[in-house]
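>
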Amino acid sequence: MATSTQASTEPVKRRRIGVLTSGGDAPGMNGAVRAVVRMALHSDCEAFAIYEGYEGLVNGGDMIRQLHWEDVRGWLSRGGTLIGSARCMTFRERSGRLRAAKNMVLRGIDALVVCGGDGSLTGADIFRSEWPGLLEELVKTAELTEEQIEPYKVLNIVGLVGSIDNDMSGTDATIGCYSSLTRICDAVDDVFDTAFSHQRGFVIEVMGRHCGWLALMAAISTGADWLFIPEMPPRDGWEDDMCSIITKNRHERGKRRTIVIVAEGAQDRELNKISSSKVKDILTQRLGLDTRVTVLGHTQRGGPACAYDRWLSTLQGVEAVRAVLDMKPDSPSPVITIRENKIMRTPLMEAVKATQAVTKHIQNKDFATAMTLRDSEFKEYHYAYLNTATPVHPKLVLPAEKRMRIAIVHVGAPAGGMNQATRAAVAYCLTRGHTPLAIHNGFPGLIRHHADEPLGSVREVRWIETDAWVNEGGSDIGTNRGLPSEDIEKTAKCFEKHQFDALFVVGGFEAFTAVSQLRQARDKYDAFKIPMTVLPATISNNVPGTEYSLGSDTCLNALIEFCDCIRQSASSSRRRVFVIETQGGKSGYIATTAGLAVGAVAVYIPEEGIDIKMLARDIDFLRENFARDKGANRAGKIIMRNETASSTYTTQVIADMIKEEAKGRFESRAAVPGHFQQGGKPSPMDRIRALRMAIKCLMHMESYAGRSKDEIAQDEMSASVIGIKGSHVLFSAMGGESGLEANETDWARRRPKTEFWLQLQDTVDILSGRSSAKATWTCYDDV
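The sequence shown begins at 1 in full-length UniProt numbering and counts up one residue at a time.
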């Protein structure tokens, strides 16, 4: 895409793009507005904010204001929507839309980016379809002249979905949903201690009138005993079923805390409301359980956006501007969506109609169809929750000949999600009749096993033991960087001794390496001719075969919390630059994605390296920025530097260089969060994806039950990595001519040969303004 310097020389019309937020507010909306404004300016367009949603569009005047680059600085970390949001009844009438059209023409706005729910987006599409008729009417009534409307015969509309409910079909996530889920999980995590201490029950009511996404994901993330969602009401007699499960969990398995999650739109199969107070009364009266109700209410909407919502809103805002510039008069209005890890454009009204169809099917008691119309993830997660919330499912137990002894091992550095993946694997194994075996302290723990260890390095795992891991970080079974190659023969003997039928490996690049070594040793050791699957878990996100690793989202949330805090320390001087060192090994993923989420000025990564010219140019760029800002903004500026970006230009050296060259005009500090990035409770995203991916891994390995060792070894997919690639979750073979080992792995740098996220570097530069500066520098160098 052309920079602003280049685009200004082209004989094209300078677009004026309006952005508004409508309906409810959601964390991340400010990030979307910021991205739209800066991407529009970068694309040689003008940007206008419409305040108070459609109300501002109808009333016009000072409620439509032009925004410039610095106007949206610091917005990423702010909650709510800074340009306001309101439900406008006037816009629902044609007379209101007529006034809105006049205001847009008077301001010269010919494109609109709308961030809201399905009602707001439907209104936007109606507005576009009526646009020619509205202009014609304005001319007939002499409100406008033919000359005034001539440049604005076409109105382009692009939608962004801002909704904490995640209720839009065709997208895996909406702006704000993961931030809201984070608030819920934090609240439930906080009552865990009270529930455990007093053996109490808690009924937690969460938002979701027509969509149970928040309730379902909260139930998964907190290990809830029972769940109520509008899409799939419980069967008749649910009261007895719920009490039976909770009684077994408490009395037979020793579970001291009881959590029930209720969506505000929960109902039975006759559409009678199931209230949180009704659930509480049942538990109190039938079980004598000391039960409390917590209605989280609007706290779920508040606070700053989490890392995912900052990343999502930013990329979708950038894509919205690109969509505006790509649209033709006959193009259907698009809504920007995400599927797995890919930002996409979907016809707006197709998504809206599918969303509204879900509600209709629920009202018609066609719950099965309602579930199928939700995104594919939703149904998968619901299935996963039902089959792991409790291990008692007699109908799902496999016949004896299909049952397996499945070993679970963690390899590499600890990462958020490791415990949750193991918990899910154990619960699934018990549900199906398999035997889950935990290898403690990785492969070194396996081969160092000796008789005087009372528990041994390998032992069966009980469900109640893993249930407590639902919100714990790190690795409770221990993790180690040691590899099988340290003693491959003894490793094989241990596999034989414990009669492993399958191996589930959770970890980072070391886990990938370990399975590669075991696969290559199959010719010599039959013990390794078993299905082996790697579930990537590393903050570095550097495992071949996937664009997402467990732990990376937890790390990003820790980093943005760190950055938000230290930025506040700039409020006194108002002229400070922070150079922050991130982990990530020789992969710059964490630095780049964190830079995108915090609005970094620059990101230094090992893939690009650092040189003296780059630093000199960035220091010049900082000088210009502070000169324009004149200390008006209290937030400090941030530079992210990956720990291995350069052996010469360390974090402290860069900070000292900036300080020296600033000549007193601004300050510079170095900050190294270190292992803070690995710790803490796993984020909700890492918790729920751990469950989904772990069960997929177990189901994949299950498919090899009953096959001979040679048959297994000949199947390339018997040693595989599960991963997200673009819009799909899939397994990739480790070996073979097209396998990951030979084609996708940079063994020397311990990362994939092709890194999907490198294009995000350009987005970071565009939104910081560094991209335009780079273009100027390039021209200067050419001269």
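Where is the CB? At the ideal position from N, CA and C, for every residue including glycine.
Cα-Cα, which of E150, V188, R200 is closest to V262?
Nearest option by C-alpha distance: V188.
> Quick check on DSSP: helix, strand or coil for D268?
In the structure shown, D268 sits in coil (DSSP, three-state: anything other than H, G, I, E or B).
> Just to confirm my understanding: we take E146, look at its own chain, exclude 5 residues before and 5 after, and list those with CB closer than 8 Å. What are they?
So the list reads V139, once near-sequence residues are dropped.
> So what does C115 bridge to, in DSSP terms?
Looking at the DSSP assignment, C115 forms a beta bridge with T21, L160.
> Leaving out the 5 sequence neighbours to the left and right, which residues in its chain are closer than 8 Å to S727 when beta-carbon positions are compared?
Excluding residues within five positions, the ones whose Cβ falls inside 8 Å are R339, E340, N341, K342, M344.
> In three-state terms, what does DSSP make of M532?
Here M532 sits in strand by DSSP.
> Tell me, to the nearest whole angstrom, how far the beta carbon of L446 is from that of C494; I am working on the premise that it is less than 8 Å.
Yes, they are in contact, since the Cβ atoms of L446 and C494 sit about 5 Å apart, within 8 Å.
> Cβ of S683 within 9 Å of Cβ of D553?
Cβ distance < 9 Å, so S683 and D553 count as in contact.
> Is the distance from the Cβ of I590 to the Cβ of I638 below 9 Å?
Taking 9 Å as the Cβ cut-off, I590 and I638 do not qualify as a contacting pair.
> Use the C-beta contact count for D225: other C-beta atoms within 10 angstroms, 16 or more gives buried, fewer gives exposed.
Counting Cβ neighbours within 10 Å, D225 comes out buried, since at least 16 surround it.
> So within the stretch 281-308, which uninterrupted alpha helix (DSSP H) runs reach at least 4 residues, ignoring any that extend past its ends?
Taking only runs of at least 4 residues, no alpha helix (DSSP H) segment lies wholly in the stretch 281-308.
> Select from L112, C45, Y548 the residue whose C-alpha is nearest the C-alpha of L730.
Selected option, being the one with the closest Cα: Y548.
> Among Q66, Q677, G609, which has the Cα closest to the Cα of Y649?
Taking only the C-alpha atoms, the option nearest Y649 is G609.
> Does the separation of the CB atoms of E667 and R576 fall below 9 Å?
The answer is yes: Cβ separation under 9 Å.
> Could you tell me whether the stretch 708-722 touches the stretch 523-540, using the rule of 3 or more Cβ pairs below 8 Å?
The stretch 708-722 vs the stretch 523-540: in contact.
> Taking the C-alpha atoms as reference points, what is the distance between C555 and G84?
Straight-line Cα distance between these residues: approximately 31 Å.
> Less than 9 Å separating the beta-carbons of A389 and G237?
No, they are not a contact pair.
> When burial is assigned at 16 or more other CB atoms within 10 Å of the CB, is P334 buried or exposed?
P334 comes out buried.
> What residue does the beta strand (DSSP E) around R345 start on, and which one ends it?
Taken as a continuous stretch (DSSP letters only), the beta strand (DSSP E) holding R345 covers 342-347.
> In chain order, which continuous runs of the beta strand (DSSP E) of length 3 or greater are located wholly inside the stretch 457-491?
For the stretch 457-491, whole beta strand (DSSP E) runs of length 3 or above, ordered along the chain, are 458-460.
> Using DSSP bridges, identify the partner residues of T582.
Its beta-bridge partners are N642.
> Is it buried or exposed for R209, if we count other Cβ within 10 angstroms and need 16 for buried?
So R209 counts as exposed.
> Does DSSP classify W131 as helix, strand or coil?
In the structure shown, W131 sits in a helix (DSSP, three-state: H, G or I).
> Please report how far the alpha carbon of W69 lies from the alpha carbon of A671, in whole angstroms.
Cα to Cα, W69 sits roughly 27 Å from A671.
> For a test of the three-state rule: what should DSSP assign to F435, helix, strand or coil?
Checking the sequence shown, residue 435 turns out to be Thr, not Phe. T435: strand per DSSP, three-state reduction.
> Output the distance between the C-alpha atoms of I220 and L758, rounded to the nearest integer angstrom.
Answer to the nearest angstrom: the Cα atoms are 32 Å apart.
> Among the candidates D62, G80, G18, whose CA atom is the shortest distance from the CA of D25?
Looking at the Cα atoms, G80 is the closest of the given residues.
> Could you check what DSSP says for T390 in three-state terms: helix, strand or coil?
Three-state result, T390: coil.
> Check the DSSP bridge columns for W747 and list the partner residues they point to.
Answer is none; W747 lacks a bridge partner.
> Tell me, to the nearest whole angstrom, how far the beta carbon of G412 is from that of A511; I am working on the premise that it is less than 8 Å.
G412 to A511, Cβ: 6 Å. Contact.
> Contact between the stretch 424-439 and the stretch 395-407 is defined here as three or more beta-carbon pairs at a separation below 8 Å; is this criterion met?
At 8 Å Cβ cutoff, the stretches touch.
> Pairs of beta-carbons, one from the stretch 465-481 and one from the stretch 417-425, closer than 8 Å: are there three or more?
The answer is yes - the stretch 417-425 touches the stretch 465-481, with three or more Cβ pairs under 8 Å.
> Please work out which residues of its chain come closer than 6 Å, Cβ to Cβ, to V601, disregarding the five sequence neighbours upstream and downstream, and give them in chain order.
Excluding residues within five positions, the ones whose Cβ falls inside 6 Å are K637, I639, S768.
> Classify F196 as buried or exposed, calling it buried when 16 or more other Cβ atoms lie within 10 Å of its own Cβ.
That one is exposed.
> Would you say A47 and L76 are within 9 Å of each other, going by their C-beta atoms?
Not closer than 9 Å, so no.
> So, at 8 Å on beta carbons, what are the nonlocal neighbours of L296 in its own chain, with the 5 sequence-adjacent residues on each side left out?
These residues qualify, in order along the chain: R183, I184, A187, I204, E205, V206, M207.
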